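Colleague: Below you will find the structure I want to go over with you.
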Amino acid sequence: MSRSVLGERMSTEVRAFSRALSERGVRVRETTAAEAPGVLEAEIEPPAVGATLDTVPVDLADLSVQVTHDPTPQELDDAATGITDAVLGIADYGSVVLRGGPEGAEPVSLYPDRHLVLVRAADIVQDMQTGIGAIADSIRDGHRSHVIATGPSATADMGELVEGAHGPRSVTIVVVSAE
Amino acid sequence: MSADRERKAATIRRLLDTEGDSVYENVTGFNEGRYESTADLEDYEQLRDEARTIKEDAIERLPELLSELTAAVEDNGGSVYLAEDEADANQYITRVASAHDAETVVKSKSMTSEELAVNDALEAAGLTVWETDLGEFVLQVADEAPSHIVAPAIHRSREEIAELFNKVFEPKERLETATELTEFAREYLGERMLDADLGMTGANFIAADTGTIALVTSEGNARKTVQGTDVHVAVAGVEKVVPSVSDLAPFVELIGRSGTGQDITSYISLFTPPTDSPTFDGEPLSAGGGDREFHLVLVDNGRMAMRDDELLRETLYCIRCSACANVCANFQHVGGHAFGGETYSGGIATGWEAGVHGLEATEAFNDLCTSCSRCADVCPVRIDIPWINEVVRDRRNRAGGQTGDLDWVVEGLTPDAEPAGVDLQKRLFGNFETIARVGSALAPVSNWVGALGPVRQVMERVLGVDRRRDLPQFARETFRDWFEARTAPTEFTQEVVLYPDLYTQYLRPERGRAAVRTLEALGCRVIVPDVRSSGRAPLSQGMIRTAREHARAVYGALAEHVDVGRPIVVIEPSDLAMFERDYEHLLPERSVERLSAQAVDVMEFVLERLKGDADRQTLAGPEAIGSAEIAFHSNCQQRTIHREDATVAVLDRLGFDVVESDVECCGMAGSFGYKQEYYELSMDVGEVLREQLGDPAARDRLVVASGTSCQSQLSALLQRPNQHPIELVDPLHCS
């Protein structure tokens, strides 16, 4: 397989992923690693907390807005925005796979009202079966917490659909391409 | 007996009045969502096959998978407890709580924990328990039981929830909107989740290879329940185990779509506990460490016995998506407080309740399943839910229904294979063939007698036949009598067998006459054999042995025709469905295959001939009828075997314009609508059909319906006549 074909294939998945998100009414931004800090700054509602970003070449310390890394429980409780990366995107569903661990990505993605998720374009797969396969590998590598997250938390238990139940009220996905 | 029926009728009437509207709105919304969402899924049928295969394999290898799972969880640092029954599970969980001096327990939604009534056990031990799923929280505040296995509080409207919260919590500002109610509950429960000492979740699936549990949720409360506590107890039935994480893929794609009609729920958590996210014990978070204790409580409570029970085993494949409840016409109208047992509700509840709580737990609701079979068509793991209901009904019959003084009356009329003591009402309807034969022989006197007030009073009191229903009118000349008296055409291109179903034979011979004329016009020589009724009537009453006798007789009478390759043309769709689906349980596999290969819906047969060389001018079209506009109500069982399209295609080819109803069932469902305790529910279900056919888009159209009982229901609902589609295209109209 030539490089250009591989590139086209990936961009098909990114397009499908963005389309699925838009259909769900989830905000999606496509950017490059270099421009990601600017995009994030525009999306953040302070105060913000952030987890270490493992999958995208972006450092939250580079942002002009303050993002508290490894917050205290109180800082987490006060935060309006939580920023994490995703280990995968699943194009068919507009889902991201959040991986938790001892650094606290799971609470950062769960407690603040706004969740900003960075996902690397190359980590977007087309279908659920491929996604679950990758999660299975990650579990075998010793990671214990994965959440396939699709849109904000929601409930219809109070008589009609409300976004923002126990989890975030809004989710913004930032797709980061290599260039 | 009669008092018992009146009690059931009163319960249903009360629920129709108080909860019916809210249940209907929500459940039909889920049902429509499922149709849309599964239609979008390209591999839907293939995923159902995969899911089914995985469950079959998992239950087959259950003991081995449970050992593998136990080893995996222990390797991960957790504990596994296999609880024999409810008391055993509750004692273990209470012990875990005591060992940690826990005061407060927070729970995410779990039907298995409802089955255990674990809240009562924990509260008896002095603990405070909070349900954090918002629907379950409403029920906890209201002190009510779930009315739906996925959306437990759907029987309550927003207004009722607001009133409840305002009364109980007395907030400073009165709560009104769904957003206000949600925010209030989020805040209230948020604090409790942070303060809690122990978090309980269920598990939708558990992977044996890694010890990973899958939690399918939308609110985020299950994540917080795990995140905010140091001790995690997951409770699950042993049947939740699948071999590996990879096996979760089809279920993840099917469960939300099949249930509430969402492509996917907001969160599918795949936790491999004990999870290592930091607890809230340190500053900063990472200093708290992620030391959690994890206990997986696997509940048997009758499941291993269900696994050994050939007829209940399939229930264990259930993923509790709620599709069988949402698609069920009766459930749509009454909800799970009527159509449910101690814990579970909807079609599959009969299997679960019989398995975990015992046969008697199904007594109150099992008869609400009318065998319409719509659930079998939508179950993501293809469980034959109507069959489970019939099997349990059969067992209830055999466990000794009430014996009455008048048993001998029905005994005399009912040469069936059932023991004395089977409920008289069931025997009456189960032996409808005998009654129809006698009624037809004595017509019109039998019809006059049946119309007499005193007779109807006795029928209602003794047999539970509701006097508000018009009884079927027996035909003096049966279909076969008519057929045998006529001369068959000498020129033909094909020989076909027309199956004289019970209703065409004794009640609606006009359907058979129209079918014969149509088939002959299409170049067929028609054979109408002397053959028994299909056994649908006894099967629907849980009289399985009697139904099997019918099936054997039918196959015996048709075998020679099948062997020479004659099509077996069927007018009554519920009988075609009987041959293709239900006979799988009553006859050898090979017999069913052979019969199914030859059996064909009458309109499907007409369609094939029209696609071939048949001249459509020989059949009646809009000109002969004087109208082109048709409103068609397909039969529930016809929809399950996907034959309704053939009728529409034939009418379309002949130049008719067809609109279709989209109700799952007319509400009559064979004998169901005649029963005193269910008459009002039957009419309430029918009301939707009445509205659809009375709508401006349909009210001037000719009404066409394929099922006998749909036809009877439509006669009761509408002021205008209805007919089987074969009567519409009858060449007689052309002459």
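Chains as they are written, first to last, in my numbering: chain A, 1 to 179; chain B, 180 to 914.
Beta carbons are placed, not taken as given, at the ideal position from N, Cα and C, and that holds for glycine.
These numbers were taken from a predicted model, which means no experiment stands behind them.
How long is the line joining the alpha carbons of Val202(B) and Glu253(B), rounded to whole angstroms?
Modeller: By 1-based counting over the second sequence, the position of residue 202(B) is 23. By 1-based counting over the second sequence, the position of residue 253(B) is 74. Distance between the alpha carbons of Val202(B) and Glu253(B): 43 Å.
Colleague: Are the region 159–172 of chain A and the region 23–36 of chain A in contact at 8 Å, needing three or more beta carbon pairs?
Modeller: The region 159–172 of chain A vs the region 23–36 of chain A: in contact.
Colleague: Is there a Cβ from chain A that is less than 9 Å from the Cβ of Ser448(B)?
Modeller: Translated into positions along the second sequence, residue 448(B) becomes position 269. Output row for Ser448(B): interface = yes.
Colleague: I'd like to know whether the C-beta atoms of Gly800(B) and Gly834(B) end up nearer to each other than 9 Å.
Modeller: Residue 800(B) sits at position 621 when you count from the first residue of the second sequence. Residue 834(B) sits at position 655 when you count from the first residue of the second sequence. Contact flag set, yes.
Colleague: If you count every other CB in all the chains shown that lies within 10 Å of the CB of Trp627(B), and 16 or more means buried, which is it?
Modeller: Indexing the second sequence from 1 puts residue 627(B) at position 448. It is exposed - the Cβ of Trp627(B) has fewer than 16 other Cβ atoms within 10 Å.
Colleague: What residues in the region 409–428 of chain B bring their beta carbon closer than 8 Å to a beta carbon of chain A?
Modeller: Result list: Ser423, Val424, Ser425, Leu427 and Ala428.
Colleague: Out of Leu830(B), Met722(B) and Arg690(B), which has the shortest C-alpha to C-alpha gap to Gly886(B)?
Modeller: As a first step, residue 886(B) must be located in the second sequence, where it is residue number 707. Residue Arg690(B) is the option with its Cα nearest to Gly886(B).
Colleague: Got a sec: which bits of the region 103–114 of chain A sit with their beta carbon under 7 Å from any beta carbon on chain B, in order along the chain?
Modeller: Correct list: Glu103, Gly104, Glu106, Pro107 and Leu110.
Colleague: Quick check: the region 407–417 of chain B against the region 340–358 of chain B, are there 3 or more CB pairs under 8 Å?
Modeller: Counting Cβ pairs under 8 Å, fewer than three are found: no touch.
Colleague: Let me make sure I understand the geometry here. Which of Arg640(B), Asp426(B) and Val829(B) has the alpha-carbon closest to that of Asp236(B)?
Modeller: Counted from its first residue, the second sequence places residue 236(B) at position 57. Selected option, being the one with the closest Cα: Asp426(B).
Colleague: Determine whether the Cβ of Ile139(A) lies closer than 9 Å to any Cβ atom of chain B.
Modeller: Taking the first sequence and counting its residues from 1, the one referred to as residue 139(A) is at position 139. Interface residue, yes.
Colleague: Which class does Gly164(A) belong to by DSSP, given the choice of helix, strand or coil?
Modeller: Residue numbering aside, residue 164(A) sits at position 164 when the first sequence is read from its first letter. Three-state result, Gly164(A): coil.
Colleague: Check whether the Cβ of Gly38(A) lies closer than 9 Å to any Cβ atom in chain B.
Modeller: Counted from its first residue, the first sequence places residue 38(A) at position 38. Not an interface residue.
Colleague: Comparing the C-beta of Ile83(A) with each C-beta of chain B, is any distance below 9 Å?
Modeller: As a working note, residue 83(A) is residue 83 in the first sequence. So, not an interface residue.
Colleague: To which residues of the same chain is Gly381(B) closer than 8 Å at the C-beta, ignoring the five residues directly before and after it?
Modeller: Translated into positions along the second sequence, residue 381(B) becomes position 202. So the list reads Ser287, Lys288, Ser289, Met290, Thr291, Ser292, Leu394, Ala413, Val414 and Ala415, once near-sequence residues are dropped.
Colleague: In chain order, what residues of the same chain have a beta carbon less than 7 Å from the beta carbon of Ala165(A), not counting five sequence neighbours either side?
Modeller: Counted from its first residue, the first sequence places residue 165(A) at position 165. Ser153, Ala154 and Thr155, listed in sequence order.
Colleague: Determine, using beta carbons only, whether Glu362(B) comes closer than 9 Å to chain A.
Modeller: Taking the second sequence and counting its residues from 1, one reaches residue 362(B) at position 183. Closer than 9 Å to some Cβ of chain A, the Cβ of Glu362(B) qualifies, so yes.
Colleague: I want to see whether chain E comes within less than 9 Å of Thr283(B), judged by CB atoms only; does it?
Modeller: In summary, chain E is missing from the structure at hand, where the protein chains are A and B.
Colleague: Tell me where the beta strand (DSSP E) around Leu427(B) begins and ends.
Modeller: Locating residue 427(B) in the second sequence gives position 248, where the first residue counts as 1. Taken as a continuous stretch (DSSP letters only), Leu427(B) belongs to no beta strand (DSSP E), being part of the alpha helix (DSSP H) at Leu427 to Ser437.
Colleague: Here's the rule: buried if 16 or more other CB atoms are within 10 angstroms of the residue's CB, otherwise exposed. What is Tyr214(B)?
Modeller: In the second sequence, residue 214(B) corresponds to position 35, counting from 1. It is exposed - the Cβ of Tyr214(B) has fewer than 16 other Cβ atoms within 10 Å.
Colleague: Should the region 271–288 of chain B be regarded as contacting the region 303–320 of chain B, the criterion being three or more beta carbon pairs within less than 8 Å?
Modeller: Output reads yes: the region 303–320 of chain B touches the region 271–288 of chain B.
Colleague: If you draw a straight line from the C-alpha of Ala540(B) to the C-alpha of Phe518(B), how long is it?
Modeller: Taking the second sequence and counting its residues from 1, the one referred to as residue 540(B) is at position 361. Taking the second sequence and counting its residues from 1, the one referred to as residue 518(B) is at position 339. Roughly 12 Å between the two C-alpha positions.
Colleague: Mapping DSSP to helix, strand and coil, what is Glu674(B)?
Modeller: Start at 1 with the first residue of the second sequence, and residue 674(B) comes out as number 495. Residue state, collapsed to three classes: strand.
Colleague: Give every residue of the same chain whose Cβ lies closer than 7 Å to the Cβ of Thr249(B), excluding the five residues on either side of it in the sequence, and list them in chain order.
Modeller: Translated into positions along the second sequence, residue 249(B) becomes position 70. Excluding positions up to five away in sequence, the list reads Val259.
Colleague: What does the Cβ neighbour count give for Arg353(B), buried or exposed, with the cut at 16 atoms within 10 Å?
Modeller: Residue numbering aside, residue 353(B) sits at position 174 when the second sequence is read from its first letter. Exposed is the call here.
Colleague: Note the first and the last residue of the continuous beta strand (DSSP E) segment covering Lys351(B).
Modeller: Your numbering for residue 351(B) matches position 172 in the second sequence. That residue, Lys351(B), is in no beta strand (DSSP E); it is neither H nor E in DSSP.
Colleague: Mind listing which residues of the region 143–154 of chain A have their C-beta closer than 9 Å to chain B's C-betas, in chain order?
Modeller: Those would be His143, Arg144, Ser145, His146, Val147, Ile148, Ala149, Thr150, Gly151, Pro152, Ser153 and Ala154, in chain order.
Colleague: To which residues of the same chain is Asp78(A) closer than 7 Å at the C-beta, ignoring the five residues directly before and after it?
Modeller: By 1-based counting over the first sequence, the position of residue 78(A) is 78. Contacts found: Pro47.
Colleague: Under a Cβ-count criterion, where at least 16 other Cβ atoms within 10 Å of its own Cβ denotes burial, should Trp587(B) be classed as buried or exposed?
Modeller: Working through the second sequence from its first residue, we reach residue 587(B) at position 408. No answer about Trp587(B) holds up, because its pLDDT of 46 lies below 50 and its placement is not dependable.
Colleague: Does the CB of Val119(A) have a neighbour CB from chain B at under 9 Å?
Modeller: Locating residue 119(A) in the first sequence gives position 119, counting from the first residue. Val119(A) does not count as touching chain B.
Colleague: I'd like to know whether the C-beta atoms of Asp863(B) and Gly846(B) end up nearer to each other than 9 Å.
Modeller: Stepping through the second sequence from its first residue, residue 863(B) is reached at position 684. Stepping through the second sequence from its first residue, residue 846(B) is reached at position 667. Yes, the pair counts as a contact, with Cβ atoms nearer than the cut-off.
Colleague: Are the beta-carbon atoms of Arg616(B) and Tyr678(B) separated by less than 9 Å?
Modeller: Position 437 of the second sequence holds residue 616(B). Position 499 of the second sequence holds residue 678(B). No, Cβ-Cβ distance for Arg616(B) and Tyr678(B) is not below 9 Å.
Colleague: With 9 Å set as the bound, which would you pick, yes or no: does the beta-carbon of Ala91(A) sit closer than that to a beta-carbon of chain B?
Modeller: Locating residue 91(A) in the first sequence gives position 91, where the first residue counts as 1. No, Ala91(A) does not count as interfacial toward chain B.
Colleague: Residues in its own chain within less than 8 Å of Ala732(B) by CB, not counting five upstream and five downstream?
Modeller: Position 553 of the second sequence, counted from the first residue, corresponds to residue 732(B). Closer than 8 Å at Cβ, skipping near neighbours: Val710 and Arg711.
Colleague: Taking contact to mean 3 or more Cβ pairs, one atom from each stretch, closer than 8 Å, check whether the region 666–678 of chain B and the region 736–749 of chain B are in contact.
Modeller: Flag = yes, the region 666–678 of chain B and the region 736–749 of chain B touch.
Colleague: Relative to the C-alpha of Ala776(B), which residue among Asn814(B), Thr797(B), Ile809(B) and Leu737(B) is closest?
Modeller: Counted from its first residue, the second sequence places residue 776(B) at position 597. Nearest option by C-alpha distance: Leu737(B).
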